[in-house]
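Residue numbers (UniProt numbering): 1 to 330.
All C-beta atoms, glycine included, are put in the ideal place defined by N, C-alpha and C.
Notes follow the structure.
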């Protein structure tokens, strides 16, 4: 069974990936209920934390029902990252994760996220100092490399292990690829098969069906899967993968009632946590997947994603249940 430091995990755990404006406490709660074994916060700017920026500080909120939960930070300045670690520790997470994988330009241009893949010595030094700074287990999420000509992930993972990280999650694309093309899991398997590697190696990228998760486990031999886009608006994905592992069969998809109930709870929890304006706005990205596959649905989806009033969104849910309540999802 894999372990992250002292945290024991089940065989082939499923991890909720840190996703900006997605993996907030309401969504993490839904994913946890549906079988996610470890959840990570949205990534948090170290500079934002030390400046006490409201949005960054809000992301530190974690709850007992989420555990084990990791708080993910990003940055490229050592002093800022170490101060951020001190702040993060006060929230008492189970894990501190370092983001060395975000490909977004505004992060990369500061040499943070995947930008640091152009400076491996700095990447290793930052990690080493963060490990020294905290008693919590430190993990890393990264990509294969900056581009196809600079993939050194086997060496990089080994060096990060040597300075004390307790697990590594690897997205099977380079920074240059962003999210295009297919994720390549073969280099991740090479990391796992390196005889010097003793820590869990989790795969990320294109785990979008239970069959894909099984291939990652059985064909590539990885220790677990980190799930990102497949879970957006579909927290049942974790439960479906585990059911497939146990039985070799697909679960029946959630009913319309289950989907509406989940969307309602999601929106209400978001409003309770961040207020109506942000709660309504940041939940919109989930509705396409909550109700994916329903024909002639555009009118109803538009109501959900254009209204700024929670009452109108809840009313749209009622309309969907009334009109499509008997719809059978494939």
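>> With a threshold of 8 Å on Cβ separation, who are the neighbours of residue 15 within its own chain once the five nearest residues in sequence on each side are excluded?
In response: Counting from 1 along the chain shown, the entry for residue 15 is found at position 15. If we look at residue 15 and ignore the five residues flanking it on each side, its Cβ neighbours are 36, 37, 38, 39, 40, 169, 202, 224, 225, 226, 227.
> Using the C-alpha atoms, what's the distance from residue 283 back to residue 256?
Replying inline: Within the chain shown, residue 256 is the residue found at index 256, counting from 1. Within the chain shown, residue 283 is the residue found at index 283, counting from 1. Cα-Cα distance, rounded: 18 Å.
> residue 289 lies in the alpha helix (DSSP H); which residues open and close that run?
Replying inline: Mapped onto the chain shown, residue 289 falls at position 289. First-last of the alpha helix (DSSP H) with residue 289: 287-290.
>> Going by DSSP, what residue range makes up the alpha helix (DSSP H) through residue 203?
In response: Taking the chain shown and counting its residues from 1, one reaches residue 203 at position 203. Counting along the chain, residue 203 falls outside any alpha helix (DSSP H), though it belongs to the beta strand (DSSP E) covering 201-204.
> Is there contact here, the stretch 89-99 with the stretch 132-140, by at least three beta-carbon pairs under 8 Å?
Replying inline: yes
> Should residue 246 be labelled buried (16 or more other beta-carbon atoms within 10 Å of its own) or exposed?
Replying inline: Along the chain shown, read from residue 1 onward, the residue named residue 246 stands at position 246. It is exposed - the Cβ of residue 246 has fewer than 16 other Cβ atoms within 10 Å.
> Taking DSSP as the reference, what is the three-state secondary structure of residue 100?
Replying inline: Translated into positions along the chain shown, residue 100 becomes position 100. Residue 100: strand per DSSP, three-state reduction.
>> Pairs of beta-carbons, one from the stretch 183-198 and one from the stretch 228-235, closer than 8 Å: are there three or more?
In response: no
> Looking at C-alpha atoms only, which residue of 221, 281, 88, 167 is the closest neighbour of residue 193?
Replying inline: Along the chain shown, read from residue 1 onward, the residue named residue 193 stands at position 193. Nearest option by C-alpha distance: 221.
>> Taking 8 Å as the threshold (C-beta atoms), are residue 171 and residue 101 in contact?
In response: Residue numbering aside, residue 101 sits at position 101 when the chain shown is read from its first letter. Residue numbering aside, residue 171 sits at position 171 when the chain shown is read from its first letter. Closer than 8 Å, so yes.
> Quick one: is residue 90 buried, meaning 16 or more other Cβ sit within 10 Å of its Cβ, or exposed?
Replying inline: Working through the chain shown from its first residue, we reach residue 90 at position 90. Classification for residue 90: exposed.
>> Buried or exposed, going by whether 16 or more other CB atoms sit within 10 Å of the CB of residue 279?
In response: Here residue 279 refers to the residue found at position 279 of the chain shown. Buried, since its Cβ has 16 or more Cβ neighbours within 10 Å.
> Are the Cβ atoms of residue 263 and residue 234 separated by less than 8 Å?
Replying inline: Taking the chain shown and counting its residues from 1, one reaches residue 263 at position 263. Taking the chain shown and counting its residues from 1, one reaches residue 234 at position 234. Against a cut-off of 8 Å, the Cβ pair of residue 234 and residue 263 comes out as no contact.
>> Buried or exposed, going by whether 16 or more other CB atoms sit within 10 Å of the CB of residue 122?
In response: Reading the chain shown from its first residue, position 122 is the one you call residue 122. Classification of residue 122: exposed, given that the 10 Å Cβ count is below 16.
> Curious, which full-length alpha helix (DSSP H) runs of at least 4 residues does the stretch 163-223 contain?
Replying inline: 186-193, 210-218
> Between which two residues does the alpha helix (DSSP H) harbouring residue 257 extend?
Replying inline: If you number the chain shown from 1, residue 257 lands on position 257. Annotation for residue 257: the continuous alpha helix (DSSP H) segment containing it runs 256-274.
> Does the stretch 263-272 touch the stretch 8-27, meaning 3 or more C-beta pairs lie closer than 8 Å?
Replying inline: yes
> Should residue 181 go down as buried or exposed, given a rule of 16 or more other Cβ atoms within 10 Å for buried?
Replying inline: Your numbering for residue 181 matches position 181 in the chain shown. That one is exposed.
>> So for residue 14, helix, strand or coil by DSSP?
In response: Sequence index remark: in the chain shown, residue 14 carries index 14 (1-based). Residue 14 falls in the strand class under three-state DSSP.
> Hey, out of 49, 239, 252, 92, whose CA is closest to residue 63's CA?
Replying inline: Here residue 63 corresponds to residue number 63 of the chain shown, with the count starting at 1. Checking every option, the nearest Cα to that of residue 63 belongs to 92.
> Whose CA, out of 238, 259, 55, lies closest to the CA of residue 207?
Replying inline: In the chain shown, residue 207 corresponds to position 207, counting from 1. Among 238, 259, 55, the Cα nearest to that of residue 207 is on 238.
> Among 258, 328, 44, which one has its Cα closest to the Cα of residue 83?
Replying inline: Here residue 83 refers to the residue found at position 83 when the chain shown is read from its first residue. The residue with the shortest Cα to Cα distance from residue 83 is 44.
> Mind checking whether residue 154 and residue 190 have CB atoms under 8 Å apart?
Replying inline: On the chain shown, residue 154 is found 154 positions in, with the first residue counted as 1. On the chain shown, residue 190 is found 190 positions in, with the first residue counted as 1. Closer than 8 Å, so yes.
>> On the DSSP letters alone, give me the boundaries of the beta strand (DSSP E) that residue 143 sits inside.
In response: Translated into the one-based positions of the chain shown, residue 143 becomes position 143. Its beta strand (DSSP E) spans residues 138-143.
> Which of the three DSSP states, helix, strand or coil, is assigned to residue 3?
Replying inline: As a first step, residue 3 must be located in the chain shown, where it is residue number 3. Three-state result, residue 3: strand.
>> Can you tell me where the alpha helix (DSSP H) holding residue 120 begins and where it ends?
In response: Residue mapping note: residue 120 aligns to position 120 of the chain shown, counting from 1. Note, residue 120: alpha helix (DSSP H), 120-133.
>> Less than 8 Å between the beta carbons of residue 305 and residue 267, yes or no?
In response: In the chain shown, residue 305 corresponds to position 305, counting from 1. In the chain shown, residue 267 corresponds to position 267, counting from 1. Result no, Cβ atoms of residue 305 and residue 267 do not sit closer than 8 Å.
> Taking all protein chains shown into account, do 16 or more other C-beta atoms lie within 10 angstroms of the C-beta of residue 216, making it buried, or fewer, making it exposed?
Replying inline: Residue 216 sits at position 216 when you count from the first residue of the chain shown. Counting Cβ neighbours within 10 Å, residue 216 comes out buried, since at least 16 surround it.
> How about residue 316 and residue 296: are their beta carbons less than 8 Å apart?
Replying inline: Mapped onto the chain shown, residue 316 falls at position 316. Mapped onto the chain shown, residue 296 falls at position 296. No. Outside cutoff.
>> Our contact map puts residue 151 next to residue 174 with C-beta atoms below 8 Å; I'd like the distance itself, whole angstroms only.
In response: Counting from 1 along the chain shown, the entry for residue 151 is found at position 151. Counting from 1 along the chain shown, the entry for residue 174 is found at position 174. Sure, about 7 Å apart at Cβ, within 8 Å.
> With burial defined as no fewer than 16 other Cβ atoms inside 10 Å of the residue's Cβ, what is the status of residue 72: buried or exposed?
Replying inline: Within the chain shown, numbered from 1, the residue matching residue 72 stands at position 72. Residue 72 comes out buried.
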